[in-house]
Amino acid sequence: FRSFTYSQSGFKLDKKGGQTVLSLSKLADIPIRLHRPIPDDAKLKQVTLKKEPTGEWFATFGVEMDREPPEPPENPETCVGIDVGILKYAHDTDGHAVESLDLSDERERLEREQQKLSRKEHGSNNYEKQRRRVVECHAHLRRKRRDFLHKLSAYYAREYDLVAVEDLNVKGMLESPSNSRTTASAAWRTFLRMLEYKCKREGTHFVAVNPRGTT
């Protein structure tokens, strides 16, 4: 198994010698790095430990909180429409053009590492070391792309009362042979999903409109 879960009990977060540790019943006290603090009013309900293909381990906490997300304003004052694209990642109705993320260096490195892997003897120690490097390149690409999408979606959710986007048929676009790679790499569907849940969290209206005539 690459992951396992503690539900309700058998785990706790603790401080030992100035280091945050995750205490797991019948296993160990494991030093961890918290990517962001857990709110004081959050109740820890479960934790899932997962091993990534890179060999790294991550802990994902499930928490319960009493606070309710704010209600979107009845009369939104600051409104924006977003049009995702290919040459530019997005344009909005305030005149901002967001450049697509440049991942050319990362892709070149990935291709080099893949070429090296193809020259290794399958199953050898050198092959396994090189396979790990390829996996790490993939992970770096994925994290950089998701970081870009998180920051962009958080900006719109925080700065506006209402955000309108095209109700795109991304699945149909991915099946089109003409631009499937471009659309997939742009990760529009992931961006719109992030934007929707962050708008709900921030008390911002999220509206998907018919894309006809919106560009």
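Numbering (the working numbering), first residue to last: 10 to 224. Where a beta carbon is used, it is the ideal one built from N, C-alpha and C, also for glycine.
Requested in this report: Give the straight-line distance between the Cα atoms of Leu201 and Gly26, rounded to the nearest whole angstrom.
Outcome: Cα-Cα distance, rounded: 42 Å.
Residue burial classification, Ser162 (beta-carbon count within 10 angstroms, cutoff 16): Buried, because 16 or more other Cβ atoms sit within 10 Å of the Cβ of Ser162.
- Task: Determine the extent of the alpha helix (DSSP H) in which Ala163 is found, giving its start and end residues.
- Result: For Ala163, the enclosing alpha helix (DSSP H) has its first and last residue at 134-168.
- Query: Among Ala196, Trp66, His147, which one has its Cα closest to the Cα of Leu110?
  - Reply: Taking the Cα of Leu110 as reference, the smallest distance to any Cα among Ala196, Trp66, His147 is reached at Ala196.
*Leaving out five residues before and five after Asp50 in sequence, what residues of the same chain have Cβ atoms less than 8 Å from its Cβ?*
Counting only Cβ-Cβ distances below 8 Å, and skipping sequence neighbours, we find Met74, Asp75, Arg76.
*asked:* Whether or not the stretch 165-174 and the stretch 55-72 are in contact is what I'm after, with contact meaning three or more pairs of Cβ atoms, one per stretch, closer than 8 Å; do they touch?
replied: Taking one beta carbon from each stretch, the stretch 55-72 and the stretch 165-174 have fewer than 3 pairs nearer than 8 Å; the two do not touch.
Exposed unless 16 or more other CB atoms sit within 10 angstroms - verdict on Val143: Val143 comes out buried.
TODO: Note the first and the last residue of the continuous beta strand (DSSP E) segment covering Thr199.
DONE: Thr199: not part of any beta strand (DSSP E); member of the alpha helix (DSSP H) spanning 197-211, first to last residue.
query: Taking contact to mean at least 3 C-beta pairs separated by less than 8 Å, is the stretch 132-152 in contact with the stretch 110-123?
result: Counting C-beta pairs with one atom in each stretch, the stretch 132-152 and the stretch 110-123 have three or more that are closer than 8 Å, which means they touch.
Are Arg167 and Thr213 close, meaning C-beta to C-beta below 9 Å?
The answer is yes: Cβ separation under 9 Å.
Buried or exposed by the 16-neighbour rule on C-beta atoms within 10 Å, applied to Ala37
Taking all protein chains shown into account, Ala37 has fewer than 16 neighbouring C-beta atoms within 10 Å of its C-beta and is therefore exposed.
Leu58, buried or exposed, once every other Cβ within 10 Å from all chains shown has been counted against 16 | Buried, since its Cβ has 16 or more Cβ neighbours within 10 Å.
Taking the alpha helix (DSSP H) that Ser32 belongs to, which residues open and close that run? For Ser32, there is no enclosing alpha helix (DSSP H); the residue is found in the beta strand (DSSP E) stretching over 28-33.
Requested in this report: Put Ser12 into one of helix, strand or coil per three-state DSSP.
Outcome: Here Ser12 carries a strand assignment [DSSP, helix/strand/coil].
Given Pro82 as reference, the closest of Thr29, Glu211, Thr199, Asn219 once Cα atoms are compared: The residue with the shortest Cα to Cα distance from Pro82 is Glu211.
Rounded straight-line distance, which links the Cα of Glu117 to that of Leu158 = Each residue's alpha carbon lies about 22 Å from the other.
**OP:** Tell me where the alpha helix (DSSP H) around Gln17 begins and ends.
**Re:** Element bounds for Gln17: n/a, residue is neither H nor E.
### Query
By how many angstroms is the C-alpha of Glu205 removed from the C-alpha of Pro46?
Pro46 and Glu205: Cα-Cα distance of roughly 23 Å.
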